[in-house]
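Residue numbers (the numbering used here): 839 to 1076. Beta carbons are placed, not taken as given, at the ideal position from N, Cα and C, and that holds for glycine. Worksheet: the structure to be examined is printed underneath.
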Ligand code: TMP
Ligand code: ASP
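What follows is the structure, given as structure tokens:
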């Protein structure tokens, strides 16, 4: 497999074509952004940590029979993945109130929720990823009813799997964002990444933040937290 030209450059990673039409390579950079790219930074080794963290988690998810794009990690920053067309939905699961949910509904961060929440945002930087519901997604031809049901079911299952993974390393999964893609034969699989960039993770016992909120909120100790998450994941047998 040969890595060919870059197809797409996102805020923290790039996607490359390969000589295999069904395969891409993703490469993680050290960039950190927040608030739709308004806040920017670069942190040595961040890309390496996110690549390795995402791959450990995706491997676990695969073991539980949820299909993902993961094929193989080929270097510290590069992973071979199945080619998909990303469905332009940010699928968010919330186990505990935090972030934009807390702000929007006036609920203090850390408040328990009566049920797990599934939320969709329309993945569109120009529009600032607006919150949408199922009907918006269907009306805008982003996904069909059947696809939304499949995506929702997979998202809840992924929540169960990764809640357990993080619990084993003493972290509480507060919320997270995932993205799905469609393979050339129409199958929906988990794509993009799961890392401290895309999850809120609070230390069990102290509620210390171990995720990108440390960058978003200028709390310091940003890479220390990512290093610690990786260290714990890599030292744990799942
Ligand atoms: P929010 O509370 O800001 O809506 O974020 C919910 C979760 O989604 C949180 O774990 C952070 C993650 N997230 C992303 O991965 N990318 C994004 O662009 C945003 C806004 C949130
Ligand atoms: N990833 C998003 C951005 O850059 C937002 C975030 O994670 O807060 O802008």
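Burial is judged here by how many other beta carbons sit within 10 angstroms of a residue's own beta carbon; residue 907 has at least 16 and is buried. An exposed status is given to residue 873, since fewer than 16 other beta-carbon atoms sit within 10 Å of its beta-carbon. The Cβ atoms of residue 1016 and residue 1035 lie no closer than 8 Å to each other. CA-to-CA, the gap between residue 980 and residue 974 works out to about 8 Å.
Taking the C-beta atoms as reference points, residue 879 is found no nearer than 8 Å to residue 867. Distance check between residue 1048 and each of 1008, 1021, 1026 places 1008 closest, using alpha-carbon atoms only. The beta carbons of residue 992 and residue 1028 sit closer together than 8 Å. Looking only at 920, 946, 931, the smallest Cα-Cα distance to residue 856 is reached by 920. Taking the Cβ atoms as the reference, residue 990 lies roughly 25 Å from residue 891, outside the contact range of under 8 Å.
Comparing alpha-carbon positions, the option among 858, 841, 883, 983 lying closest to residue 864 turns out to be 841. For residue 1051, the enclosing alpha helix (DSSP H) starts and ends at 1051-1054. Cβ-Cβ distances below 8 Å link residue 893 to 908, 911, 917 in the same chain, with the five nearest sequence neighbours on each side left out; the list follows chain order. The bridge partners DSSP lists for residue 1018 are 1028. The continuous stretches of beta strand (DSSP E) do not include residue 1042, and DSSP gives it neither H nor E.
Contact check for residue 999 and residue 898: beta-carbon distance about 6 Å, within the 8 Å limit, so the pair qualifies. Excluding its 5 nearest sequence neighbours in each direction, residue 926 has C-beta neighbours in its own chain below 7 Å: 960, 961, 962, 980, listed in chain order.
The DSSP-derived three-state label of residue 929 is strand. Checking the 7 Å criterion, the Cβ of residue 1052 is out of range of every heavy atom belonging to ligand 2.
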